[in-house]
Amino acid sequence: MSDSTTDLKAIEETTLELYRSICFEEGGQPPVEKMREIFIEDGLLINTNGVEPVGIYVEDFISTYQEQVEEGHITSFHEVELSNKTELFGAIAHRFSTYEASYMVAGKKTTTRGINSLQFIKVEDTWQVTCMVWCDQTDQRKIPPRYLET
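Count the sequence shown with numbering that gives the first Met the number 0 and you get residues 0 to 149, in order.
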């Protein structure tokens, strides 16, 4: 197996672990602590869905997410990757990951699609996320077909 094939498989697995780390069923708890292994220490998550982008460090995301779950604000969350485009060069990689998420917040079920832009670096033979930026699809902003191809 070539190095690039091995790296792409590792990036794929890291991405799947990232999605699994935030998912949970009603009455359960997400294994969100796993994000400490997936992200570099000062990893950043940026939500671009508001008027202004909002960034949060991974540690703050973990504690905020756990708090929202424990307080019952978020009662279930499930997100899966529908398709992806991954580019790799040396110890850096970028993955455009098209997702579908369904979640229960404040008693209301919502389903949405969007794109996660994931930046990776290879640290001591392990691929880690440095930054994740996401943008949900809206009626005015549709996901281009090329990002829905499998």
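Glycine residues also receive a C-beta, built at the ideal position from the N, C-alpha and C atoms.
Since the model is a prediction, treat every value here as computed from it, not as a measurement.
- Going by DSSP, Ile39 is part of the beta strand (DSSP E) stretching over Phe38 to Asn46.
- Per DSSP, the continuous alpha helix (DSSP H) segment holding Thr14 begins and ends at Asp2 to Ile21.
- With respect to Phe38, Val128 sits close: the two C-beta atoms are nearer than 9 Å.
- With a threshold of 16 other beta carbon atoms within 10 Å, Phe88 falls short and is exposed.
- Close CB contacts of Cys22 within its chain, under the 7 Å cut and outside five residues either way in sequence, are with Pro29, Phe76, His77 and Glu78 (chain order).
- Within the region 42-129, the runs of beta strand (DSSP E) at least 3 residues long that lie entirely inside it are, in chain order, 53-56, 73-88, 91-104 and 107-122.
- Checking the DSSP bridge columns, you'll see Asp138 has no partner listed.
- Closest option to Leu43, judged by alpha-carbon separation, among Thr149, Val31 and Gly54: Gly54.
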